[in-house]
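K.L.:
Protein chains in written order, with the UniProt record's numbering: chain E, 1 to 412; chain P, 1 to 412; chain Y, 1 to 412; chain W, 1 to 412.
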């Protein structure tokens, strides 16, 4: 029997919400295919596949996107020192482009006129998914059930979803719902909503999942060295046990492992969503936190000061906002990526780090290649008179003071 | 006997360098007055006074500038989230304006035609001092011995200074010279030069002075709440022992104390000096590190997202560069201060922090006044349909996608 | 009889569209009051009043907003050198805030639950009006008929409106519709749509309304001097006929007059609307073009170079975008206004201009007050050795070259 | 006989100053070679060659740099819409890099240890030349006579130079010195110093050299079309006489010709020199003014609005400052060039212009290639309901208003 309304590719998680959406879409007259992106989250993908098929999906696509996630999104974000509102490392934003791109690719191939997702109508993710969908396939149609009155009025609470699941024979795992929502991928996990909505509530100790509490981390520091080529991490060596990793996904996963056990990468913030609402989020970004610290440090040694200033203000800053707002597939993001790459040519070298109970402590760094020219011990030495003539500073200062001589303070 | 060349007010520290400069200036035919600014550094001011008088200073001025340092420089820097090159909290830069301003004020009053300092010819501080001097008194004459060939060629090393001191009867404290240089004030201490000039050398454990090693900090966290009014800290309460402080200098000093014992505020970086040379510096900024984290957090709750973005890019960013480059007394800095103040009107509230072995962990925050309107639990809730109509997001996304529909990726 | 749906305050122009909207709203069950803002456009306000009353408006409000338009919007825009996308002087954007503010004020006073306007669903003005409405009165309800299917499907073309007007007894002026749309106020007139939608069509000579064609302007130049205080024009003197004006509205109107006869202020551009669509617009901004040129010139003399750079990049740039996008009533615009005012303290002086066939030619300028200190003939003279020691430039250049010595071009 | 001090390559103009410098350098013990760069200025190069040889130069190098000037400097500046302080098109700054680069190339080849120039000690050009010299050859030695006391004290005025020339047999052209200085190249001519130092003095009509007075320009407009590929002008067609030009130098020279006769490209400003002094300059940039207007216009049609905004703020703005300050050979300029090129991929099409008595009037434009997708007549039409659903704007506006609902004006 042909579904009268056409085919939908649903971004499916195996959970209660998207299972109910799957069933509801069939009920509405759609043929539904389920799509699960493996971006490194902890998930029983095979169980999800079986469940999707059991409740009516005509096909299920499980896609391992970890490699493209690491190479196309995470590593460029490290090169950019990407951040939103000073502290947020953009973990959710970074995964959305690879997830959405594959969803459109499959929808296209399978002849789906529709794509669907389980995002709420108040968050950033609906925007990130849908801007990506539309940018990649201009005429795709999006079904966002949590913005459709028939849906959101019918399922006003979890109780309604559970009742619907029971009625429709949707298997429900009998775990107590956590009093917050999460989004997880290889780069990070987010916690929001529920009890976290009061910004003065301290997150409970057992909420945090990807890192141990710094208080429970080992009493002995762990020392590693990260090697970068063109701003991309290419090797991690652990000096405690001589572990060496180089393959991108393995390298990033390994950094997650060492960061996790040392309690590194937690933040708790109130942020400004694209839609103009403030929300409170807690995040764990273990490996990303270490990499960012190391990359920033190496840039200190290898990036010209004026170039760094331009990059910080003109690339890092808009890059974070554009990613956060879901405009990855856009001319401006493409421009920033292109500009950024140019700045990283000489960001080559090693950074030595000590990891200890939540701290990522830089203990030294060396540069390689042209980037090594920028630092000249003799020249910067306060103790030697090498490098240049100190009298030159007389003129430098005098000329810089010319303008200040004409200044009249406002409060005089 | 009148000194034939006129009067010099020398920024004097009591150490070997400025003592030799003092004597050398007298030898050159100047009358020398010594000036010591108390900006919170650990120093035996009275011993320095006696030494200065003993070796020939005609007057000694010891000025307690801590209050103006905290209120005019440190607190505005906290409001600005001031930083240079991502990580450096600008501790040296922040003290220079108050030190230089008082030096000019005294020079003026005492009829000194000259001011002098012991800064080297390769660093930022010579620039910071002298730009301030010239901006505040256009016709002041500056004597910078480390840029005068007769001086720097004669005193090519510490050995030469010691010989000169012995010859001139300058008392020398018999401590071994540390293999690095420091600059200390209430806000921070810096370490540079000497063994630190190799950027791959890990600073020795006993170098750090203002904070305990995180590894040696208590195993039990300490919890405090900081209250801000208009972005300025006005109260700190320690929940472990109920200590409460409110007076600005006392409050800041107290934060230094709790940060110190919890190992908070160390960094180790390579930075770009104004004069175009890279240098390696290690810094401890204990209380400032805590305050900055707390202030940024409260802004998350109380500052409109678009205003924050403008402030971050257009005030915070140039503020750090301008301070670092010694252009505090300038029309542009004055402009930034004025603009900044306007953004802080609603930054009112409390931030709860846990301090633990190097970590400053935000555990919650509340807003007061108009700033409290920006966060609306119900509206941002993913679980409720309050606040606004989720269907509005359809149009929001659709309109934002119009532009993206016309985008042709570069690599197609 | 009480209108069952409540009271609407309609922004009414007297034209066909808003007359039909007025009647249609009554037909829908609303009581309708008409509101006409006099922002300097050429209009028969009394005829519009009579027409509104005749076709069913229960009240008509005609408000002279010229003075607040000039003082609160136009003059600050001149201080900011406000511009959008390099060339557009923001004439429509500048009028919207004063129009919308008064509309909300009257709606409030008259107990209207609704406001309405005749803007299309594709332009910027709907956004500008409604963001202002919502910002000023959070719970106001907006009726935008051109976005309501019952309305826009019924009135698919001008023919449908004319038929409806005939049916409802709405008087229609028997002039041929122009093949473009306009928006006029004291600052400017815009032309768009119709034949202008082909961006390669040259606007017909008779389209332009507020200025003569430069080819038809006098063969003899006209010379004026504009005096500024704190960046605000306070006096215009015409040297051809000794006219002098000082009152703000009169001054601005006078500049319109002289610009008009000299063919000054036309542009023809393709711009990026906020909603992501490109559109072609032609604009005449006669007096504003002169004022902007004069103000920029005086800033050259009176504004410190570093301050100007910060202002250009950090205020002028976002100010244009924020105004264009209709976010006048916002924390970020308020912040920019506040910051801007500080920069204008010393922008005091006269600018001499020659106006000739489309050209605004600066012929000289003088500064007054502290701003006059910045320019020192002797110091900037290439012919004298006054002001400073030319040898200082040696050190200035040498120090600035240190960094460049380490540069390795990318293409080597 | 070998000159005891080594070989100098002097940037020589044939004028009084550099002729005296040439002779003076020989007198000081240097071997002097003369270098004249042909960057399109009006000059009798052969006469200068003979003069240089006559007064003692051992070699003379006359280099035609017009092609590289146009292709490497002028055209990228057009792509960038490069400008300094709103109005200055950077004509002098643009020529310096090609002049300095060739000077270093020749100095290297000829084994000159020194380069020299006749720039004063107060201007920007000394900085531009010397930063280029040092960046390109780190150990080059620069002789800047106007900053050497023996030189500038000896030649305190023109009279001293004339006396020296007479004494040394330097031929002097018997023209009256103009009461201003000029710098000319293919792109522009500058006028400064002398009577122009009073910023209120109107430049005399006979000063302007590269353009006719708009009042003297033809009464009939001239119409041209400029075709761009990737933001570079590749064809100019004159519709009055069907002239067509395509070769870069010929094209640019032709635009100079048509601009000149139509009185296009004059400005008169007070600018902020890099060294912190304000100075007054008058400039004619005939062809560049037309090209810039056309390029900006075409970007309106072909450049995405968000990309344009990033480019304007983050490339155009620093590009102007960096060029002006003489930092062409720097990592940051190279970065900007690289970023800029990416933005120009789709800036393809024609711009129709009317040139008339100082005015460059855009009369239409068409796009070609992917850039043509951005403008969709139907979509932007106010008269049609095509392109998108106007109801989407409801949600767009509503969501954008969420944030504004929480705003409390500062003055309430």
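Just so you know, even glycine gets a beta-carbon here, dropped at the ideal spot from N, CA and C.
Predicted model only: the values in this text are computed from it and were never measured.
Return no unless some Cβ of chain B is closer than 9 Å to the Cβ of residue 71(E).
P.N.:
In the structure shown, chain B cannot be found, because the protein chains are E, P, Y and W.
K.L.:
Suppose you measure from the CA of residue 394(W) to the CA of residue 44(E); what does that come to, to the nearest Å?
P.N.:
Cα-Cα distance, rounded: 41 Å.
K.L.:
Is residue 127(E) helix, strand or coil when you go by DSSP?
P.N.:
In this structure, residue 127(E) counts as helix in the three-state DSSP scheme.
K.L.:
Using only alpha-carbon positions, find the residue among 227(P), 188(P), 224(P) and 179(P) that is nearest to residue 206(P).
P.N.:
Residue 179(P) is the option with its Cα nearest to residue 206(P).
K.L.:
According to the neighbour-count rule (16 or more other Cβ atoms, all chains shown, within 10 Å of its Cβ), is residue 173(P) buried or exposed?
P.N.:
Residue 173(P) is exposed by the Cβ-count criterion.
K.L.:
Which whole-angstrom value describes the C-beta separation of residue 65(E) and residue 39(E), a residue pair presumed to lie in contact below a C-beta threshold of 8 Å?
P.N.:
That pair is a contact at about 5 Å.
K.L.:
Excluding five sequence neighbours on each side, which residues of the same chain lie with their C-beta closer than 8 Å to the C-beta of residue 412(W)?
P.N.:
Here residue 412(W) scores only 49 on pLDDT, less than 50, and its place in the model should not be relied on; the value that follows carries that caveat. Within the same chain, residue 412(W) has no close Cβ partners at all.
K.L.:
Checking contacts by CB at 9 Å: is residue 311(E) closer than that to chain W?
P.N.:
Interface residue, yes.
K.L.:
Could you tell me which chain E residues have their CB closer than 7 Å to the CB of residue 343(W), listed as they occur along the chain?
P.N.:
Neighbours of residue 343(W) on chain E, chain order: 335.
K.L.:
Kindly list, in the order they appear in chain E, the residues whose Cβ is closer than 8 Å to that of residue 394(Y).
P.N.:
The contacting residues are 392 and 395.
K.L.:
Does any residue of chain Y have a CB that is nearer than 9 Å to the CB of residue 330(W)?
P.N.:
Residue 330(W) counts as touching chain Y.
K.L.:
By the criterion of Cβ-Cβ separation under 7 Å, what are the contact partners of residue 103(E) in chain Y?
P.N.:
Ordered by position in chain Y, no residue passes the 7 Å Cβ test against residue 103(E), which lies about 23 Å from the chain.
K.L.:
Could you work out which residues of chain P lie near residue 403(W), taking near to mean beta carbons separated by less than 9 Å?
P.N.:
Within chain P, the residues near residue 403(W) are 304, 305, 306 and 374.
K.L.:
Return the chain-ordered ranges of every beta strand (DSSP E) run that is complete within the segment 299-361 of chain E and spans a minimum of 3 residues.
P.N.:
349-356, all fully within the segment 299-361 of chain E.
K.L.:
Counting only runs that start and end within the segment 363-403 of chain Y, where is the beta strand (DSSP E) found for 3 or more residues in a row?
P.N.:
Counting whole runs of 3 or more residues, the segment 363-403 of chain Y contains no beta strand (DSSP E) stretch at all.
K.L.:
Please work out which residues of its chain come closer than 6 Å, Cβ to Cβ, to residue 203(E), disregarding the five sequence neighbours upstream and downstream, and give them in chain order.
P.N.:
Counting only Cβ-Cβ distances below 6 Å, and skipping sequence neighbours, we find 282.
K.L.:
Could you name the residues of the same chain whose beta carbon sits closer than 6 Å to that of residue 146(Y), not counting the 5 residues immediately before and after it, in chain order?
P.N.:
So the list reads 120, 121 and 152, once near-sequence residues are dropped.
K.L.:
Is any beta-carbon of chain Y found at less than 9 Å from that of residue 338(P)?
P.N.:
Yes, residue 338(P) lies at the interface with chain Y (some Cβ there is under 9 Å from its Cβ).
K.L.:
Could you work out which residues of chain P lie near residue 410(W), taking near to mean beta carbons separated by less than 8 Å?
P.N.:
Residues of chain P passing the Cβ test: 342 and 345.
K.L.:
Enumerated in chain order, which unbroken segments of the beta strand (DSSP E) with a length of 3 residues or greater are wholly contained in the segment 115-192 of chain Y?
P.N.:
Whole beta strand (DSSP E) segments, 3+ residues: 141-143, 181-184 and 189-192.
K.L.:
Jot down the residue ranges of each uninterrupted beta strand (DSSP E) in the segment 198-234 of chain Y, minimum 3 residues, whole runs only, in chain order.
P.N.:
Fully enclosed beta strand (DSSP E) runs of 3 or longer: 222-229.
K.L.:
Are there 16 or more other CB atoms within 10 angstroms of the CB of residue 312(W), so buried, or fewer, so exposed?
P.N.:
Classification of residue 312(W): buried, given that the 10 Å Cβ count is 16 or more.
K.L.:
Please tell me whether residue 289(E) and residue 81(P) are closer than 9 Å, where the distance is taken between their beta carbons.
P.N.:
Contact flag unset, no.
K.L.:
Give a yes or no on whether the minimum CB-CB distance between residue 142(Y) and chain P is below 9 Å.
P.N.:
No - not a single Cβ of chain P is within 9 Å of the one on residue 142(Y).
K.L.:
Strictly below 9 Å CB to CB, what residues from chain P border residue 275(Y)?
P.N.:
By Cβ distance, chain P contributes 399, 400, 402 and 403.
K.L.:
Please name the residue in 15(P), 14(P), 3(P) and 53(P) whose C-alpha comes closest to that of residue 30(P).
P.N.:
The shortest C-alpha separation from residue 30(P) is found at 3(P).
K.L.:
How many angstroms separate the CA atom of residue 148(P) from the CA atom of residue 258(W)?
P.N.:
Rounded to whole angstroms, residue 148(P) to residue 258(W) spans 58 Å at the Cα level.
K.L.:
Would you say residue 94(P) and residue 255(P) are within 9 Å of each other, going by their C-beta atoms?
P.N.:
No, the Cβ-Cβ distance between residue 94(P) and residue 255(P) is not below 9 Å.
K.L.:
In this structure, what does DSSP give as the bridge partners for residue 244(Y)?
P.N.:
237(Y), per the DSSP bridge assignment.
K.L.:
Compare the Cα-Cα distances from residue 187(W) to each of 76(W), 27(W) and 358(W) and report the closest residue.
P.N.:
Checking every option, the nearest Cα to that of residue 187(W) belongs to 76(W).
K.L.:
Keeping to the same chain, check which residues put their C-beta closer than 7 Å to that of residue 49(Y); ignore five residues upstream and five downstream.
P.N.:
Excluding residues within five positions, the ones whose Cβ falls inside 7 Å are 60 and 62.
K.L.:
On the premise that residue 343(E) lies in contact with residue 307(E), defined as a C-beta separation below 8 Å, what is that separation, rounded to the nearest angstrom?
P.N.:
Between residue 343(E) and residue 307(E) the Cβ distance is about 6 Å, and since that is below 8 Å, they are a contact.
K.L.:
I'd like to know if residue 79(W) contacts chain E, where contact means its C-beta is closer than 9 Å to some C-beta of that chain.
P.N.:
So, not an interface residue.
K.L.:
Output yes if chain E places a C-beta closer than 9 Å to the C-beta of residue 84(Y); else output no.
P.N.:
So, not an interface residue.
K.L.:
Going by CA-CA distance only, name the one from 232(E), 84(E), 351(E) and 123(E) that's closest to residue 279(E).
P.N.:
Closest by alpha carbon: 123(E).
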